[in-house]
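Colleague: One structure is given below, represented as structure tokens, and several questions about it will come after.
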Amino acid sequence: MESYAEVRQEDRSNAEIMGKKRQDKSLREFKQVLKDLVYLLRKSSEVETCYLYWVNRSREQFVMETKSTELSNVMFQDRVSFYDHFLNQYRDISEPVSLKLNEQIDPEELLHYYNQVPIKHITLLPFINNGQTVAITVLESSEYVLDEEKSEVIHSYSDALRNVLNTYLEISDLYENQEEWVDYQESLEKINVRSHRAELIYRMINEMQKYLQSGGVSFITQGMQNWSNVLNSVGAQGAPPIGMPVKERTLAYEALHKGKPEFAIHFNNNPKRISPREQNTDGATMAIPLKFHDRRQGLVLLYDKNPLLFKESTKHKFVNFVRLTELTIMANEPNLDHSEPFLNNEFDAIIPDLWERLVDTELQTLGQNGSPYNTWFGLVTMANLPALRTQLRMEDLDHMQKDLVNLFNPNKYGKSGFIGSHSDYVYSFVIQDREENAVDQWIQLLNQRLMRPVELTNGVQIETSIKVGFTQLNAQQEDNYEVLRQAKAALSETMKDTAE
19 MESYAEVRQE DRSNAEIMGK KRQDKSLREF KQVLKDLVYL LRKSSEVETC YLYWVNRSRE
79 QFVMETKSTE LSNVMFQDRV SFYDHFLNQY RDISEPVSLK LNEQIDPEEL LHYYNQVPIK
139 HITLLPFINN GQTVAITVLE SSEYVLDEEK SEVIHSYSDA LRNVLNTYLE ISDLYENQEE
199 WVDYQESLEK INVRSHRAEL IYRMINEMQK YLQSGGVSFI TQGMQNWSNV LNSVGAQGAP
259 PIGMPVKERT LAYEALHKGK PEFAIHFNNN PKRISPREQN TDGATMAIPL KFHDRRQGLV
319 LLYDKNPLLF KESTKHKFVN FVRLTELTIM ANEPNLDHSE PFLNNEFDAI IPDLWERLVD
379 TELQTLGQNG SPYNTWFGLV TMANLPALRT QLRMEDLDHM QKDLVNLFNP NKYGKSGFIG
439 SHSDYVYSFV IQDREENAVD QWIQLLNQRL MRPVELTNGV QIETSIKVGF TQLNAQQEDN
499 YEVLRQAKAA LSETMKDTAE
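Just so we're aligned, residue 19 is where the sequence shown starts under the numbering used here, counting upward by one.
Quick look at the structure:
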């Protein structure tokens, strides 16, 4: 029979073995994230080769971490002495450096190429830790990399690299939380996919939701001449209503204005998250801008009643989710016009890819734990559309569509909601409010406004009225297809009544 001391020693040995296994696995997962980041950097910055070397000062070596290339005549060494690598004279850089072949660097120094050196420009991105350069990412391309168009890609990569390294260092110190790291890696993999930008936003906020206990995640974007909440995570608790606009002197406004993440613990319902109209703003909130080429295109809002959930490592993870989503969208859709709102059509209406996911999300939330809001989905169009299409030129019709999207905006009538695109001259809408008759109030106020002629932005005046069909969301509806079918049937009845 084993003695007590022998049993304790065996338990301790088993714990050490399990701890070592967890550390080994976290290291493998960490290396996979770095590999993905370097690959995404190469694709989104459109360079031929990208690689990352650690700067091992104690052994005076550059240690290869990962690489990604589309060239066939490249071969890297895993470990290279400082004095045998062209990076040696740049091992202490603290800012990005751009080199041009035959000017700042001799092609013969690039020993990882054989036969020929097909690139012309090299960009070096240092990673600084405790005031020392510990890693250098190298981008090699036939085109200049450090231009304004790609600066946001590089900035996002640098942020993501720093956040993932800080997260890994914390996890290495607390390796008993290995399951959390595995879950984090699996969550990253779910947004590192080729998919539509609306789907990536949907995946991102729902993966973030897993880190919250009594809160939620919301996504804010621009449209209809303001910034407003357009999507909540499934099961979000205490979420702002869909369509609520961002107002000044709120946390969301500050993050958008400064272009960097903001965090606040709420005392006595202050600061507000996005609007003074919010109720019960408590706990803590983090706001993270989503940017393309330094243009703010969205804002991720994370909130929970328990402020202690927002540990530094968790904040890093949240920021990393957003940065990785930015890189993935840019890599998936390189021709996307990042100067325009990326979730709207040409008339400033929310695209179907987003509002379909919104409807499905609200249906799932209703089925799980209910909602404090009433939510309506509907379709709206002009009653005299044939006459308007005959009366106006094509460019006037385009002006009319954009102006009507802004005119129909529920926010203009004190209601939370937005206007989406559906088909030519037929617009979808979502209204979410605590009042039982909010959609009827919106229709009434809109009809009152349309009793006067509408002057378009190009000076043309039109007279019109609207036809509306809608349905209220409930837990029995299956999905957005069923909701849309009901809204179409309601609009058809309205049009039929007019014809009679």
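Idealized CB from N, CA, C, for every residue including glycine. Predicted model, so just to flag it, every value in this text is computed and none were measured.
State yes or no: is the C-beta of A508 nearer than 7 Å to some heavy atom of the ligand MN?
Modeller: The model on display carries no ligand, and the ligand MN is accordingly not part of it.
Colleague: Tell me the rounded alpha-carbon separation between D497 and K506.
Modeller: Counting from 1 along the sequence shown, the entry for residue 497 is found at position 479. Counting from 1 along the sequence shown, the entry for residue 506 is found at position 488. Answer to the nearest angstrom: the Cα atoms are 15 Å apart.
Colleague: Rounded to a whole number of angstroms, what is the C-alpha to C-alpha distance between Y499 and V377?
Modeller: Taking the first residue of the sequence shown as 1, we reach residue 499 at position 481. Taking the first residue of the sequence shown as 1, we reach residue 377 at position 359. Rounded to the nearest angstrom, the two C-alpha atoms are 9 Å apart.
Colleague: By Cβ distance, which residues of its chain are closer than 6 Å to F104, with the 5 residues on each side in sequence left out?
Modeller: Looking up residue 104 in the sequence shown gives position 86. Same-chain partners within the cutoff: E127.
Colleague: Would you say I484 and A401 are within 8 Å of each other, going by their C-beta atoms?
Modeller: Looking up residue 484 in the sequence shown gives position 466. Looking up residue 401 in the sequence shown gives position 383. Yes, the pair counts as a contact, with Cβ atoms nearer than the cut-off.
Colleague: What are the boundary residues of the alpha helix (DSSP H) that D458 is part of?
Modeller: Indexing the sequence shown from 1 puts residue 458 at position 440. D458 -> alpha helix (DSSP H) spans A456 to R467.
Colleague: Using only CA atoms, which one of A282, R470 and I347 lies nearest to K333?
Modeller: Sequence index remark: in the sequence shown, residue 333 carries index 315 (1-based). Per the Cα distances, A282.
Colleague: When the Cα of L509 is compared with those of G149, L384, L415 and F395, which residue comes out closest?
Modeller: Within the sequence shown, the letter at position 491 stands for residue 509. Of G149, L384, L415 and F395, the residue nearest in Cα terms is F395.
Colleague: Can you have a look at T512 and say buried or exposed, based on whether 16 or more other CB atoms are within 10 angstroms of its CB?
Modeller: For the purposes of this step, residue 512 is taken as residue 494 along the sequence shown, with counting starting at 1. Here T512 is buried. Its C-beta has 16 or more other C-beta atoms within 10 Å.
Colleague: Give the DSSP bridge partners of W245, in chain order.
Modeller: Here the question's residue 245 lines up with position 227 in the sequence shown. Under the DSSP definition of a beta bridge, W245 partners with Q240.
Colleague: Rounding to the nearest angstrom, what Cα-Cα distance links F310 and M348 in this structure?
Modeller: Taking the sequence shown and counting its residues from 1, the one referred to as residue 310 is at position 292. Taking the sequence shown and counting its residues from 1, the one referred to as residue 348 is at position 330. About 8 Å.
Colleague: Flag this pair as touching only if the segment 53 to 62 and the segment 340 to 347 have three or more C-beta atom pairs under 8 Å; answer yes or no.
Modeller: yes
Colleague: Check whether the Cβ atoms of L491 and L381 sit closer than 8 Å, and answer yes or no.
Modeller: If you number the sequence shown from 1, residue 491 lands on position 473. If you number the sequence shown from 1, residue 381 lands on position 363. Yes.
Colleague: Taking the Cβ atom as the reference point for each residue, do P114 and L164 lie within a distance shorter than 8 Å?
Modeller: Translated into positions along the sequence shown, residue 114 becomes position 96. Translated into positions along the sequence shown, residue 164 becomes position 146. A contact, by the Cβ cut-off of 8 Å.
Colleague: Per DSSP, which one or two residues make a beta bridge with G277?
Modeller: Here the question's residue 277 lines up with position 259 in the sequence shown. DSSP lists no partner for G277.
Colleague: Could you check whether S446 and G435 sit closer than 8 Å to each other, using their CB atoms as the reference points?
Modeller: Here residue 435 refers to the residue found at position 417 when the sequence shown is read from its first residue. Here residue 446 refers to the residue found at position 428 when the sequence shown is read from its first residue. Cβ distance not < 8 Å, so G435 and S446 don't count as in contact.
Colleague: Would the beta-carbon of H214 fall within 8 Å of that of D312?
Modeller: Translated into the one-based positions of the sequence shown, residue 214 becomes position 196. Translated into the one-based positions of the sequence shown, residue 312 becomes position 294. Cβ atoms of H214 and D312: not closer than 8 Å.
Colleague: Judging by CA-CA distance, which residue of E78, T475, L425 and S76 is the nearest neighbour of M242?
Modeller: Position 224 of the sequence shown, counting from 1, holds the residue named residue 242. If we check each option's Cα against that of M242, L425 comes out closest.
Colleague: Verify whether the separation of the beta carbon atoms of L230 and L320 is less than 8 Å.
Modeller: Stepping through the sequence shown from its first residue, residue 230 is reached at position 212. Stepping through the sequence shown from its first residue, residue 320 is reached at position 302. It is a contact, given that the beta carbons lie within the stated cut-off.
Colleague: For L52, which residues of its own chain have a beta-carbon under 8 Å away from its beta-carbon, when the five flanking residues on both sides are left out?
Modeller: Sequence index remark: in the sequence shown, residue 52 carries index 34 (1-based). The residues are L70, E83, T84, L179 and V182.
Colleague: Under 8 Å, do H139 and E161 count as touching if we go by C-beta distance?
Modeller: As a first step, residue 139 must be located in the sequence shown, where it is residue number 121. As a first step, residue 161 must be located in the sequence shown, where it is residue number 143. Pairing H139 with E161 gives a Cβ-Cβ distance under 8 Å.
Colleague: Kindly indicate which residue of A216, R212 and M222 has the alpha-carbon position closest to the one of L206.
Modeller: To locate residue 206, count along the sequence shown from 1; it is residue 188. Considering only alpha carbons, the answer is M222.
Colleague: So, with DSSP's three-state summary, where would you put D366?
Modeller: Here residue 366 refers to the residue found at position 348 of the sequence shown. Three-state result, D366: coil.
Colleague: State the beta-bridge partners of T512 as determined by DSSP.
Modeller: For the purposes of this step, residue 512 is taken as residue 494 along the sequence shown, with counting starting at 1. In DSSP, T512 forms no bridge with anything.
Colleague: Under the rule that 16 or more other beta-carbon atoms within 10 Å means buried, what is R109, buried or exposed?
Modeller: As a working mapping, residue 109 is identified with position 91 in the sequence shown. Buried, because 16 or more other Cβ atoms sit within 10 Å of the Cβ of R109.
Colleague: Do the segment 454 to 464 and the segment 265 to 276 make contact, defined as three or more Cβ pairs closer than 8 Å?
Modeller: no
Colleague: In three-state terms, what does DSSP make of S169?
Modeller: As a position in the sequence shown, residue 169 is number 151, starting the count at 1. Correct three-state label for S169: helix.
Colleague: Only counting runs of 4 or more residues, tell me where the alpha helix (DSSP H) segments fall wholly within the segment 353 to 401, in order along the chain.
Modeller: Entirely contained in the segment 353 to 401, the alpha helix (DSSP H) runs reaching 4 residues are, in chain order, 370 to 387.
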